[in-house]
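I have placed the structure first, in the form of structure tokens, so that the comments after it can refer back to it.
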Amino acid sequence: MWRPGGRSPRLCHLSRCNRDRTMANLDASGVRTFVGTRNFEDSRDFYVALGCTLNWERDGLAELELGGCPFFLQRYYNRQWCENSMLHVTVEDATAWYEHAKRVIDQGSFGGPPRVNPPKEEDYGALVTYIWDPAGVLLHMAQPLGR
């Protein structure tokens with residue numbers, strides 16, 4: 012049992028894990044999320060129109076990249092999962108992203124349909140434009156505000 016002033020068993024476990032990680036070379040070199048799609052082609056075209064680079068695509072899986080940050084787009088749809096998935100993207104100008112996304116959505120035919128909300132200042136110190144992709148995945152285009 013842990014007592015105030017004593018070492019937390021969780022912390023002991025973490026330090027042991029860190030030691031084991033170093034000894035076994037378990038360093039990570041990146042983290043990528045998988046984004047579901049209702050219609051793979053519509054979602055792929057939407058992300059490319061937003062400005063993502065399509066690095067490769069095969070067998071219902073694509074690697075897209077925005078600002079040097081890659082993610083996977085997959086041909087798989089589960090409504091509850093997609094509508095509860097979010098990507099937080101740090102940007103320089105949330106207002107410019109709103110205007111750009113609005114143009115992309117107005118000019119495109121992506122199914123869904125995707126939508127965008129005007130920038131909103133959030134309590135965590137960011138101005139955020141919210142963009143929903145054709146499957147309902149929510150993108151937070153977040154511009155950090157000076158503190």
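The sequence shown begins at 12 in the numbering used here and counts up one residue at a time. Each residue gets a CB set at the ideal place from its N, CA and C atoms; glycine is no exception. Owing to the predicted nature of the structure, the values given are computational and were not obtained by experimental measurement.
Three-state class that DSSP yields for residue i in the structure shown
| i | result |
| --- | --- |
| Ala73 | strand |
| Ser52 | What sits at residue 52 in the sequence shown is Glu, not Ser. If DSSP states are grouped into helix, strand and coil, Glu52 belongs with the helices. |
| Val102 | coil |
| Arg177 | With the chain covering only 12 through 158, there is no way to say anything about residue 177. |
| Leu37 | coil |
| Met12 | Model confidence at Met12 stands at a pLDDT of 42, short of 50, so the residue's coordinates are unreliable; what they give is reported in the following sentence. Here Met12 sits in coil by DSSP. |
| Cys63 | coil |
| Ala146 | coil |
| Glu132 | strand |
| Val42 | coil |
| Tyr58 | helix |
| Tyr141 | strand |
| Glu94 | coil |
Selected residue, minimal CA-CA separation from residue i, among the options
| i | options | result |
| --- | --- | --- |
| Ala153 | Asp144, Thr101, Val115 | Thr101 |
| His99 | Leu77, Leu65, Asp53 | Leu77 |
| Asp53 | Leu149, Pro155, Phe121, Pro130 | Phe121 |
| Asp46 | Pro129, Asn36, Glu74, Pro124 | Sequence inspection shows Val at residue 46; the Asp mentioned does not correspond to that position. Out of Pro129, Asn36, Glu74, Pro124, Glu74 has the C-alpha closest to the C-alpha of Val46. |
| Gly123 | Arg55, Ala39, Ala35 | Arg55 |
| Ser40 | Leu65, Cys63, Cys80, Asn66 | Cys80 |
Contact check, residue i vs residue j, beta carbons under 8 Å
| i | j | result |
| --- | --- | --- |
| Gly147 | Glu94 | yes |
| Arg86 | Phe51 | yes |
| His151 | Tyr141 | yes |
| Pro130 | Val139 | yes |
| Ala137 | Pro155 | yes |
Nearest-angstrom beta carbon gap, residue j and residue i [assumed within contact, 8 Å]
| i | j | result |
| --- | --- | --- |
| Tyr88 | Thr48 | 6 Å |
| Leu57 | Asp144 | Note on identity: in this sequence residue 57 is Phe, with Leu being the wrong assignment. So it is a contact: roughly 6 Å between Cβ atoms. |
| Ala112 | Val127 | 4 Å |
| Leu149 | Met97 | 5 Å |
Three or more C-beta pairs under 8 Å: does that hold for the region 105-125 against the region 64-75? Contact fails between the region 105-125 and the region 64-75, because fewer than three Cβ pairs, one in each stretch, are under 8 Å apart.
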